[in-house]
Amino acid sequence: MHAELLIHAEWILTVDPENRQLTDHAIAIADGRIQAILPYAEARRTIQAEQTVELPGHVLIPGLVNAHTHAAMSLLRGLADDLPLMTWLHEHIWPTEGRWVDASFVADGTRLAVLEMLRGGVTCYNDMYFHPEVTAQVTAEAGMRAVIGMIVVDFPTGYAASSDEYIAKGLALHERYRDHPLIRVAWAPHAPYSVSDEPLQRVATLADELGVPIHIHLHETRDEVENAVNAHGERPFARLDRLGLIGPSLASVHMTQLEDAEIARLAETGASVVHCPESNLKLASGFCPVARLLEAGVNVALGTDGAASNNDLNLLGEMRTAALLGKGVSGSASAVPATEALRMATINGARALGLDSEIGSIELGKSADLVALDLRDPHTQPLYHPVSQLVYAAGRHQVRQVWIQGQQVIRDGAPTTLHLAEVLSEAQVWGARIGE
Numbered sequence: 056m057h058a059e060l061l062i063h064a065e066w067i068l069t070v071d072p073e074n075r076q077l078t079d080h081a082i083a084i085a086d087g088r089i090q091a092i093l094p095y096a097e098a099r100r101t102i103q104a105e106q107t108v109e110l111p112g113h114v115l116i117p118g119l120v121n122a123h124t125h126a127a128m129s130l131l132r133g134l135a136d137d138l139p140l141m142t143w144l145h146e147h148i149w150p151t152e153g154r155w156v157d158a159s160f161v162a163d164g165t166r167l168a169v170l171e172m173l174r175g176g177v178t179c180y181n182d183m184y185f186h187p188e189v190t191a192q193v194t195a196e197a198g199m200r201a202v203i204g205m206i207v208v209d210f211p212t213g214y215a216a217s218s219d220e221y222i223a224k225g226l227a228l229h230e231r232y233r234d235h236p237l238i239r240v241a242w243a244p245h246a247p248y249s250v251s252d253e254p255l256q257r258v259a260t261l262a263d264e265l266g267v268p269i270h271i272h273l274h275e276t277r278d279e280v281e282n283a284v285n286a287h288g289e290r291p292f293a294r295l296d297r298l299g300l301i302g303p304s305l306a307s308v309h310m311t312q313l314e315d316a317e318i319a320r321l322a323e324t325g326a327s328v329v330h331c332p333e334s335n336l337k338l339a340s341g342f343c344p345v346a347r348l349l350e351a352g353v354n355v356a357l358g359t360d361g362a363a364s365n366n367d368l369n370l371l372g373e374m375r376t377a378a379l380l381g382k383g384v385s386g387s388a389s390a391v392p393a394t395e396a397l398r399m400a401t402i403n404g405a406r407a408l409g410l411d412s413e414i415g416s417i418e419l420g421k422s423a424d425l426v427a428l429d430l431r432d433p434h435t436q437p438l439y440h441p442v443s444q445l446v447y448a449a450g451r452h453q454v455r456q457v458w459i460q461g462q463q464v465i466r467d468g469a470p471t472t473l474h475l476a477e478v479l480s481e482a483q484v485w486g487a488r489i490g491e
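Residue numbers for the sequence shown follow my numbering, so the first one is 56 and each next one is one higher.
Below you can see the structure in the form of structure tokens.
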């Protein structure tokens, strides 16, 4: 059998339905896809590879999926910390965005975020921000995979003047990228408190017609839910359900305020929840009941949120925090085990974005989106269980190799599609300009 690339790792965590952990195996890749997974001794006899990569002491995993972020907001990292959500938004973030956010801001901020994510083993992200056509272009140029949110809000911004214009621009973005190998789109109404009924209903209809996901902040804080009940006599979840948004295409982000009936409805409809543990902790937004959701059969993915409220795009860190927080909130040390945390960061994220037939696990025929981490550091030794060391001890600096569709985008820890010095220089220019 001919292969363009053969990767031999000490351990492979497949994240397939059986959660197989393979030792001394190899993966053969051709045309950007996984063609074979087999013991290395057999691979040496049967595979004629143009290139072989030897990874002793490394664990190979599916590329991580950051199921919720605002990439360009990396340029606002550390601007306004230690504040509650609404104060942070209304008094700091929104005024700063109103002054500075344009196509060049989004391009440079996205480039910084993409570089950070790739170096941390994230191969696919789900974005929500203004100027999504710029985000898509920058991401594609870097060879990264993304689902780009077609943002919708009621109020005018420098990007669009009305919900009709946001939707029209979203439709144009969908048309432009409908056949792209790396870029997909999703409708991204910001939140129930920033989008009225009529555009939400249009989004539900268009998502169904186009076959794309819906990506929305929902039940992020207690105040959000209480304000909605006081103003309209209805919880935001019930409102979205009434408007037709609760279903298998929905990726609902945060979900810190959930009743048993809402959890049951999520499970019944096949909707996904995107858990952003570190952002929720930093903004004191509340705790997503992850153990209860998983027990009910709800698909739970992981996101970092934006770097302005996290303050990093480190999905390895989110895995660890999600596993620890899940135990603390549920009162059970066996809640959200390491294997489940890894699934949340890979296949569950892919499922939330409608990409689980393409990415999220190491299986025959899937895209070769792969990440290798070197576990030979002192803090990941001795090694009894690779998945436990990955979730509870490993750091981003151990990400050494990253492939997307079989193309290497990180080699020996360094980017191959982006220029580190240029990206950092652009970020520093923006920091000086915004902070003056």
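Even for Gly, the Cβ is constructed at its ideal location relative to N, Cα and C. Computed from a prediction, not measured in an experiment: that's the story for all the values here.
Which of helix, strand or coil DSSP assigns to residue i
i, result
"G414", "Correcting the residue type first, residue 414 is Ile in the shown sequence and not Gly. DSSP places I414 in coil when its eight states are reduced to three."
"T471", "coil"
"I148", "helix"
"M399", "helix"
"Y214", "coil"
"S364", "helix"
"E253", "helix"
"L60", "strand"
"H452", "helix"
"Q76", "strand"
"E491", "coil"
"A246", "coil"
"N369", "coil"
"Q460", "coil"
"A388", "coil"
"T376", "helix"
"L348", "helix"
"L131", "helix"
"R154", "helix"
"T260", "helix"
"L338", "coil"
"P111", "strand"
"T124", "strand"
CB-CB length for residue i against residue j, believed under 8 Å
i, j, result
"S334", "A407", "Their Cβ separation, rounded to whole angstroms, is 17 Å, which puts S334 and A407 out of contact at 8 Å."
"A362", "M128", "6 Å"
"I402", "G381", "In fact, because the Cβ distance is near 17 Å, the residues do not count as touching under 8 Å."
"A83", "G404", "Not confirmed; about 25 Å, so no contact."
"D182", "A126", "5 Å"
"I238", "T194", "7 Å"
"L445", "V114", "6 Å"
"D494", "Q453", "Given a span of 56 to 491 for the chain in the structure shown, any question on residue 494 remains unanswerable."
"G299", "Q256", "7 Å"
"G461", "L60", "6 Å"
Residue from the options with nearest C-alpha to residue i
i, options, result
"G420", "L68, Q256, P72 and Q90", "Q90"
"P236", "A191, Y95 and V426", "A191"
"L226", "G164, V207 and T324", "V207"
"M399", "D296, G358, T165 and T107", "G358"
"I417", "M56, M199 and E73", "E73"
"L228", "V202, V345, V250 and A216", "V202"
"V267", "A259, H274 and S412", "A259"
"S307", "A286, G288, V353 and E264", "V353"
"A104", "W149, G112, M141 and A58", "A58"
"S480", "G164, H145, I92 and W149", "G164"
"A9", "D219, H287, D296 and P291", "With the chain covering 56 to 491 only, the question about residue 9 has no answer from this structure."
"T124", "H272, H434, D263 and A162", "H272"
"I92", "G112, L68 and Q106", "L68"
"L410", "D137, E491 and R200", "R200"
"T394", "N366, L349 and E413", "L349"
beta-carbon residue i near the ligand ATP non-hydrogen atom, thresh 7 Å
i, result
"M205", "This structure lacks the ligand ATP, and indeed carries no ligand of any kind."
Proximal residues to residue i (C-beta, below 6 Å), its chain only, five neighbours per side dropped
i, result
"V384", "F342"
"A197", "V169, T472 and L473"
"L110", "A64 and A427"
Sequence-distant residues of its chain with Cβ nearer than 8 Å to residue i (five each side left out)
i, result
"G213", "G153, V156, D157 and F185"
"I489", "L130, L131, L134, T151 and W155"
"D467", "R455 and Q456"
"G302", "T324, G325 and A326"
Cβ shell of residue i (< 7 Å), same chain only, five flanking positions each side left out
i, result
"V345", "H330, V355, A377, G381 and V391"
"M172", "N121, Y180 and L368"
"D79", "E65, P94 and Y95"
"A388", "K382"
"S217", "P211"
"K224", "A215"
"L438", "L430 and Q444"
Cutoff 8 Å: residue i Cβ touching any chain D Cβ
i, result
"T311", "Judged by its chain identifiers, the structure shown contains no chain D, having just a single protein chain."
Please list the segments of the alpha helix (DSSP H) lying wholly inside the region 274–328, counting only runs of 4 or more residues, in order along the chain.
277–287, 291–297 and 315–324
Ranges of the beta strand (DSSP E) found wholly within the region 414–449, counting only runs of at least 3:
425–429
Kindly provide the ranges of any alpha helix (DSSP H) runs that are 4 or more residues long and lie completely inside the region 157–231, ordered along the chain.
158–174 and 187–196
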